[in-house]
Amino acid sequence: MGKKQCAALLQYIPQVGEKIANLNKIRSLVSAAVVKARDGGSLLSLAVCPELSLTGPVHSLNIEMIHRLGEADDGETMCEMKKLAQMYHTHLVFGMIEKDQHLFYNTIYAVAPNGDIVGKTRKMHLTTVDERWAAPGKEIVTAELKGIGTAGLMVGYDAAYPEMAGVLAVKRVDFIIIPSCWYGEFGETMALHTKMMENKFPANTMTTWDAIARFSQAQTLIANFTGTSLGCMGGSALYTLDPIYGGESPIVASPDEEEALVVPLNNSPKDWWFDQQKLLLSRRIQFYKPLVKNM
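Heads up, the sequence shown is in my numbering, so the first residue is 40 and it goes up one at a time.
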């Protein structure tokens, strides 16, 4: 029987605009995660970085500087991240400023252990800061992570729009991965009376990310920055399917410490009272109204 698989959710304070410094920090955290996984008898199969992983949030930079930080899919950043995935033989999800001809996007990529790009999505729901420089994405994307499952990809503020998670549930994803740069602009800390639930939520649980996991019935992986002048709030996490009624509790990082949070990658229980199939059967599509009609 093979080793259990796990994921590392990388949480760190980025140096804004400093790609080399941030790349070195990512390398160090992945290396530490490999050791943690091995010491726990697990195999590191996935590492997830925050949104705009190698530049950090660019809210404080002018447009010219942001454009200079943009790269194509075959640029130096992609080359280095492919090397990292190959070195540790793990899937790697990261974000960068993508340059595509005259347009720029807030994009995340999924890289396989052999260095192949197996998934890519562009942030669809832009913040006012993003709108200064980025064009919106147009597709809701999944990625096949060999040996792990099907992952739905979202970027940061996309999480504030529940329709995306609903579409990913229909696509039957096993996981949803959300690299983030969250500083409290949506959602809030979970506040439920302890007598309402079977298991106690971690203190730093965030409502929106928890809801995505429960209402798509797909385990949800968050990697978030901490610190910066934005006041990023950490809380990188694995959100689980049914923590209120006795399922596994979320695993949540601190709000302010740099760390590689190592979490198990478990398959959903087959005999649980609720699952993704039952969720989809509850959809009453006969009552749906089309938003756009063919002319």
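Don't be surprised by glycine CBs; every beta carbon is placed ideally from N, CA and C. These numbers come from a predicted model, not from an experiment.
Neighbourhood of residue i by C-beta, 6 Å cutoff - its chain only, sequence neighbours within 5 removed
| i | result |
| --- | --- |
| A86 | A47, V69, T129, L131 |
| G191 | T181, L207, V212, I215 |
| I217 | M193, A198, I261 |
| L91 | G134 |
| T166 | Y196 |
Straight-line gap, residue i to residue j (C-alpha atoms, nearest Å)
| i | j | result |
| --- | --- | --- |
| V331 | V194 | 26 Å |
| G109 | M135 | 8 Å |
| T189 | R171 | 33 Å |
| M117 | K328 | 42 Å |
| D139 | P175 | 12 Å |
| S219 | Q258 | 16 Å |
| I52 | H141 | 30 Å |
| Q44 | N333 | 46 Å |
| F254 | Y144 | 28 Å |
| E115 | E137 | 12 Å |
| Q256 | S293 | 24 Å |
| V74 | M245 | 28 Å |
| K121 | K239 | 39 Å |
| M126 | S99 | 33 Å |
| T228 | G80 | 32 Å |
Of the listed residues the options, nearest to residue i (C-alpha basis)
| i | options | result |
| --- | --- | --- |
| V302 | D295, P294, T279, D314 | T279 |
| L184 | A149, K210, A173 | A149 |
| A250 | D281, N263, L269 | D281 |
| R322 | E115, H98, G205, L165 | G205 |
| T146 | I179, T167, G80 | I179 |
| K277 | A299, A151, L82 | For the record, residue 277 in the displayed sequence is Leu; it is not Lys. Comparing Cα positions, the closest option is A299. |
| G186 | Q54, E57, N305, G56 | N305 |
| D314 | V291, V55, A252, Q54 | A252 |
| V97 | E57, G80, S288, P241 | E57 |
| E287 | P241, D112, E297 | P241 |
| K210 | A71, A72, Q316 | Q316 |
| P289 | G274, E297, D295 | G274 |
| A76 | K42, R66, L93 | K42 |
| D112 | L82, M229, K159 | K159 |
Close-in-space but distant-in-sequence residues of the same chain around residue i (CB under 8 Å, 5 per side omitted)
| i | result |
| --- | --- |
| K177 | R161, M163 |
7 Å CB neighbourhood of residue i in its chain, flanking five on each side removed
| i | result |
| --- | --- |
| G223 | M272 |
| T247 | A198, A199, F225, G226 |
| V291 | P241, N243, T244, G274, A276 |
Beta-carbon separation (whole angstroms), residue i vs residue j, contact threshold 8 Å
| i | j | result |
| --- | --- | --- |
| P89 | L49 | 7 Å |
| T265 | G95 | T265 to G95, Cβ: 11 Å. No contact. |
beta-carbon residue i near the ligand PLP non-hydrogen atom, thresh 8 Å
| i | result |
| --- | --- |
| S321 | The model depicted lacks the ligand PLP and carries no ligand whatsoever. |
- Message: Is it the case that the segment 99–113 contacts the segment 59–79, given that we only count it when at least three CB pairs across the two stretches are under 8 Å?
- Response: no
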